[in-house]
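For reference, the structure is listed below as structure tokens.
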Amino acid sequence: MSPPLRVAVVGAGWAGLAAAVEATSRGHHVTLFEMSATAGGRARRLPADTGLDFPLDNGQHILIGAYSTTLALMRRVGVDPGRVLLRQPLALQRADGSGLALLPGAPLLAFLRGVLAARGWRWRDRAALLAAATGWALRGFRCAPELTVAALCAGLPPALRRGLIEPLCVAALNTPASLASAQVFLRVLRDALFSGPGSADLLLPTADLGALLPDAALDWLAKRGATVALGCRVAGLHRSASGWQVETAASKAGGEDLFDRVILAASPTQAAHLAAAHAPGWSAQVSALRFEPIITVLMQAPPGTRLPQPMLMLEGGTLAPAEVLFDLGALRGRASPVADGVLAAVVSGASGWVERGLPVTGQAVQAQVRRALSIEVSVLKTHAEKRATFLCVPGLDRGSARLAPGLLAAGDHLAGPYPSTLEGAVRSGLAAVDLL
Ligand SMILES: Cc1cc2nc3c(=O)[nH]c(=O)nc-3n(C[C@H](O)[C@H](O)[C@H](O)COP(=O)(O)OP(=O)(O)OC[C@H]3O[C@@H](n4cnc5c(N)ncnc54)[C@H](O)[C@@H]3O)c2cc1C
10 MSPPLRVAVV
20 GAGWAGLAAA
30 VEATSRGHHV
40 TLFEMSATAG
50 GRARRLPADT
60 GLDFPLDNGQ
70 HILIGAYSTT
80 LALMRRVGVD
90 PGRVLLRQPL
100 ALQRADGSGL
110 ALLPGAPLLA
120 FLRGVLAARG
130 WRWRDRAALL
140 AAATGWALRG
150 FRCAPELTVA
160 ALCAGLPPAL
170 RRGLIEPLCV
180 AALNTPASLA
190 SAQVFLRVLR
200 DALFSGPGSA
210 DLLLPTADLG
220 ALLPDAALDW
230 LAKRGATVAL
240 GCRVAGLHRS
250 ASGWQVETAA
260 SKAGGEDLFD
270 RVILAASPTQ
280 AAHLAAAHAP
290 GWSAQVSALR
300 FEPIITVLMQ
310 APPGTRLPQP
320 MLMLEGGTLA
330 PAEVLFDLGA
340 LRGRASPVAD
350 GVLAAVVSGA
360 SGWVERGLPV
370 TGQAVQAQVR
380 RALSIEVSVL
390 KTHAEKRATF
400 LCVPGLDRGS
410 ARLAPGLLAA
420 GDHLAGPYPS
430 TLEGAVRSGL
440 AAVDLL
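Heads up: the sequence shown runs through residues 10 to 445, numbered per the numbering used here.
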């Protein structure tokens with residue numbers, strides 16, 4: 010048994026929360042620093058001053074059954090995934106019922122049956138998709154690292170590329186198919202569609218993001234003696250003979266600030282800045298990442314409106330920015346009720362739309378939803394997270410978790426098989442603790 014260490018975790022996003030919970034479980038003395046007043050990072054409940062009368066998230070999130078580490082962490086801090094997530098077989102269908110929907114069952118069989126039963130596809134499209142998927146599986150879902158998703162799928166019929174591959178790619182990697190890494194895309198497909206039963210299931214939040222993990226994790230940490238410092242920005246990290254000094258407003262005022270280990274789970278830009286003096290190569294690597302925004306447009310449809318499914322795919326196009334639409338009125342449970350008829354549309358890979366401006370995006374999505382569903386909707390709020398995820402391009406050089414002696418990193422941006430996701434963030438938090 011190694012003696013307990015004084016561990017500072019910088020950043021209470023899902024990576025930092027995972028690291029803090031794991032390190033505390035192993036008996037270490039943990040202090041979690043978070044500059045914002047709210048934990049959760051990019052997957053957080055926004056403060057109450059949004060102008061809406063229900064809790065608003067930083068952006069609509071979905072999980073999938075393959076997020077086994079995230080689901081286990083939720084259970085560990087006392088959240089029952091079944092109470093805050095609606096589990097349903099993967100359905101990537103439009104309002105007219107066209108598109109792919111899997112039935113429950115063994116993954117390969119479910120995929121085969123789903124493709125054969127998909128509405129709106131010609132037999133030629135189905136055969137081409139099955140042939141391509143068989144080829145990917147036979148090659149172990151691996152490909153040349155420099156390949157883009159567009160190049161990987163160039164042989165598929167255009168209707169399939171437009172109707173399935175492109176929206177799926179931008180939704181999963183937040184990167185357009187023309188730029189996205191085929192290697193990461195194939196890995197996501199492998200883990201989601203072709204691993205254990207239920208791995209492809211969609212898990213749609215029925216509560217706000219705070220209730221999914223951050224609230225319970227903070228509670229869990231506090232009950233086990235960890236120190237949680239919200240609203241406490243780490244301004245610098247300094248190495249001395251006796252450990253790591255974490256510079257905050259409180260430490261400047263003479264507070265406790267010396268640690269044996271630091272886990273840097275801050276957002277990539279902040280982490281690169283804090284690590285610059287100790288790991289310049291790592292810092293340069295992380296600074297070189299490019300980011301892509303996600304816009305969420307909240308709309309009010311007439312009360313009583315119910316989408317045919319809680320999550321619908323939308324047909325994209327030059328004037329149609331959103332690729333997915335959620336029925337929040339139907340999804341949100343008692344934990345954070347939302348008015349009837351509230352819909353949330355997600356615009357991924359949204360840099361072009363951010364340039365055009367949020368009001369223009371809101372109007373374009375409003376028109377898109379009217380066309381797709383033939384209902385009147387008004388825009389309640391348009392929210393953008395400008396650095397939502399890193400741009401997941403081929404051959405990306407992502408930083409490792411070891412920065413310098415006693416200085417480790419965690420976060421969705423670190424080297425790993427996944428794109429920017431909750432599961433990637435949580436796994437990296439746990440992995441950093443393994444290196445303590
Ligand atoms: C709109 C949107 C939609 C998304 N949709 C999905 C989805 O459907 N499914 C999915 O799996 N993923 C999705 N993601 C990605 C997912 O949210 C991220 O991958 C994940 O939240 C990253 O967690 P993290 O802990 O690595 O980083 P972050 O969440 O960025 O956490 C870093 C934390 O560090 C804090 N911090 C920064 N600097 C300092 C400092 N100096 N001192 C103290 N604290 C500091 C920040 O305030 C933040 O809380 C989405 C992201 C966005 C923005």
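All C-beta atoms, glycine included, are put in the ideal place defined by N, C-alpha and C.
> Should the segment 203-220 be regarded as contacting the segment 113-125, the criterion being three or more beta carbon pairs within less than 8 Å?
Replying inline: yes
> Can you tell me whether Thr143 is buried or exposed, with buried defined as 16 or more other CB within 10 angstroms of its CB?
Replying inline: Along the sequence shown, read from residue 1 onward, the residue named residue 143 stands at position 134. So Thr143 counts as exposed.
>> For Arg407 and Val88, what's the separation of their Cα atoms in angstroms?
In response: Translated into the one-based positions of the sequence shown, residue 407 becomes position 398. Translated into the one-based positions of the sequence shown, residue 88 becomes position 79. Each residue's alpha carbon lies about 31 Å from the other.
>> Pull the bridge partners of Ala329 from the DSSP assignment, please.
In response: As a working note, residue 329 is residue 320 in the sequence shown. In the DSSP assignment, the residues bridged to Ala329 are Gly326.
> Roughly how many angstroms lie between the CA atoms of Leu94 and Ala297, to the nearest whole one?
Replying inline: Translated into positions along the sequence shown, residue 94 becomes position 85. Translated into positions along the sequence shown, residue 297 becomes position 288. Whole-angstrom Cα-Cα distance: 35 Å.
> Where Trp145 and Asp200 are concerned, what is the direct C-alpha to C-alpha distance, given to the nearest angstrom?
Replying inline: As a position in the sequence shown, residue 145 is number 136, starting the count at 1. As a position in the sequence shown, residue 200 is number 191, starting the count at 1. Cα to Cα, the separation comes out at about 13 Å.
>> Pull the bridge partners of Asp336 from the DSSP assignment, please.
In response: Position 327 of the sequence shown, counting from 1, holds the residue named residue 336. In the DSSP output, where bridge partners are listed per residue, Asp336 has Leu352.
>> For ligand 1, is there any heavy atom lying closer than 7 Å to the beta carbon of Leu51?
In response: Here the question's residue 51 lines up with position 42 in the sequence shown. For clarity, residue 51 is Arg in the given sequence; the question names Leu instead. Yes.
> If you draw a straight line from the C-alpha of Ala32 to the C-alpha of Phe268, how long is it?
Replying inline: Mapped onto the sequence shown, residue 32 falls at position 23. Mapped onto the sequence shown, residue 268 falls at position 259. Going from the Cα of Ala32 to the Cα of Phe268 covers about 13 Å.
> According to DSSP, is Pro302 helix, strand or coil?
Replying inline: The residue labelled residue 302 in the question sits at position 293 within the sequence shown. The three-state secondary structure of Pro302, taken from DSSP, is strand.
> Terminal residues of the continuous beta strand (DSSP E) containing Val16?
Replying inline: Position 7 of the sequence shown holds residue 16. Counting along the chain, Val16 sits inside the beta strand (DSSP E) bounded by residues Arg15 to Val19.
> Is the number of C-beta pairs between the segment 13-27 and the segment 47-55 that are closer than 8 Å three or more?
Replying inline: yes
> Terminal residues of the continuous beta strand (DSSP E) containing Glu175?
Replying inline: On the sequence shown, position 166 is the one that residue 175 refers to. Where Glu175 is concerned, there is no enclosing beta strand (DSSP E), although the alpha helix (DSSP H) it sits in stretches over Glu175 to Leu182.
>> Is it buried or exposed, Trp132, if we count other Cβ atoms within 10 angstroms and call 16 or more buried?
In response: Residue mapping note: residue 132 aligns to position 123 of the sequence shown, counting from 1. By the 10 Å Cβ count, Trp132 comes out exposed.
> With distances taken from CA atoms, which of Phe300, Leu177, Pro56 and Gly149 is nearest Asp217?
Replying inline: For the purposes of this step, residue 217 is identified with residue 208 of the sequence shown, where counting begins at 1. Of the listed residues, the one whose Cα sits closest to Asp217 is Pro56.
> Measuring CA to CA, which of Leu202, Gly129 and Phe399 is closest to Pro7?
Replying inline: One cannot answer for residue 7 here, as it falls past the ends of the chain, which runs 10 to 445.
> Starting from Trp23 and walking both ways along the alpha helix (DSSP H), at which residues does that stretch end?
Replying inline: Here residue 23 is taken as the residue at index 14 of the sequence shown, counted from 1. It spans Trp23 to Ser34 - the alpha helix (DSSP H) in which Trp23 sits, taken as one unbroken run.
> So which of Ser204, Thr215 and Gly106 has the shortest CA-CA distance to Asp66?
Replying inline: Numbered from 1 along the sequence shown, position 57 holds the residue referred to as residue 66. Measuring from the Cα of Asp66, the nearest candidate turns out to be Thr215.
>> Can you look up Ser296 in the DSSP assignment and give me helix, strand or coil?
In response: Walking along the sequence shown from the start, residue 296 turns up at place 287. Helix at Ser296.
>> Using CA atoms only, rank isn't needed, just tell me which of Lys232, Gly74, Ala238 and Thr305 is closest to Pro258.
In response: Working through the sequence shown from its first residue, we reach residue 258 at position 249. It is worth fixing the name first, because residue 258 is Ala in this sequence and not Pro. Per the Cα distances, Ala238.
> Can you check whether the CB of Leu273 is closer than 8 Å to the CB of Ala286?
Replying inline: Taking the sequence shown and counting its residues from 1, the one referred to as residue 286 is at position 277. Taking the sequence shown and counting its residues from 1, the one referred to as residue 273 is at position 264. Against a cut-off of 8 Å, the Cβ pair of Leu273 and Ala286 comes out as no contact.
>> For Arg379 and Ala348, what's the separation of their Cα atoms in angstroms?
In response: Position 370 of the sequence shown holds residue 379. Position 339 of the sequence shown holds residue 348. As the crow flies, the alpha-carbon of Arg379 is around 19 Å from that of Ala348.
> Using CA coordinates, which residue listed in Ala434, Phe300 and Asp228 is at the minimum distance from Gly358?
Replying inline: Along the sequence shown, read from residue 1 onward, the residue named residue 358 stands at position 349. The candidate whose alpha carbon is nearest that of Gly358 is Phe300.
> Taking 7 Å as the line, does the beta carbon of Gln294 fall inside it for any heavy atom of ligand 1?
Replying inline: Looking up residue 294 in the sequence shown gives position 285. Result no, Cβ not under 7 Å from ligand 1.
> Who does Thr47 pair with in a DSSP beta bridge?
Replying inline: Here residue 47 is taken as the residue at index 38 of the sequence shown, counted from 1. Beta-bridge pairing links Thr47 to no other residue.
> In terms of alpha-carbon separation, which member of Val18, Asp443, Ser409 and Thr47 lies closest to Ala225?
Replying inline: Taking the sequence shown and counting its residues from 1, the one referred to as residue 225 is at position 216. Ala225 has its Cα closest to that of Thr47, out of Val18, Asp443, Ser409 and Thr47.
> Does DSSP classify Pro277 as helix, strand or coil?
Replying inline: Residue numbering aside, residue 277 sits at position 268 when the sequence shown is read from its first letter. Three-state DSSP puts Pro277 in a helix.
>> Using a 10 Å radius around the Cβ and a threshold of 16 neighbouring Cβ atoms, would you call Asp105 buried or exposed?
In response: As a first step, residue 105 must be located in the sequence shown, where it is residue number 96. Classification for Asp105: exposed.
> Using 8 Å as the Cβ pair cut-off and three pairs as the minimum, do the segment 332-351 and the segment 307-318 touch?
Replying inline: yes
>> ligand 1 and Met44: does any heavy atom of the ligand fall closer than 7 Å to the residue's C-beta?
In response: Translated into positions along the sequence shown, residue 44 becomes position 35. Under cutoff, so the answer is yes.
>> Is any non-hydrogen atom of ligand 1 found closer than 7 Å to the C-beta of Asp22, if you look at the structure I gave you?
In response: Start at 1 with the first residue of the sequence shown, and residue 22 comes out as number 13. For the sequence presented, residue 22 should be read as Gly rather than Asp. Indeed, a heavy atom of ligand 1 lies less than 7 Å from the Cβ.
> For His247, which option in Ala381, Pro346, Leu227 and Ala288 has the closest C-alpha, if you only look at C-alpha atoms?
Replying inline: Locating residue 247 in the sequence shown gives position 238, where the first residue counts as 1. For the options Ala381, Pro346, Leu227 and Ala288, the alpha carbon positioned closest to that of His247 is the one of Ala288.
> DSSP on Ser437, reduced to helix/strand/coil?
Replying inline: As a first step, residue 437 must be located in the sequence shown, where it is residue number 428. Helix.
> Roughly how many angstroms separate the alpha carbons of Ala275 and Val18, rounded to a whole number?
Replying inline: Working through the sequence shown from its first residue, we reach residue 275 at position 266. Working through the sequence shown from its first residue, we reach residue 18 at position 9. Rounded to whole angstroms, Ala275 to Val18 spans 9 Å at the Cα level.
> Beta carbon of Thr398: closer than 7 Å to some heavy atom of ligand 1?
Replying inline: The residue you call residue 398 lines up with position 389 of the sequence shown. Because some heavy atom of ligand 1 lies under 7 Å away, the Cβ of Thr398 counts as near it: yes.
> Would you say the segment 358-378 touches the segment 313-332, given that touching needs at least three Cβ pairs under 8 Å?
Replying inline: yes
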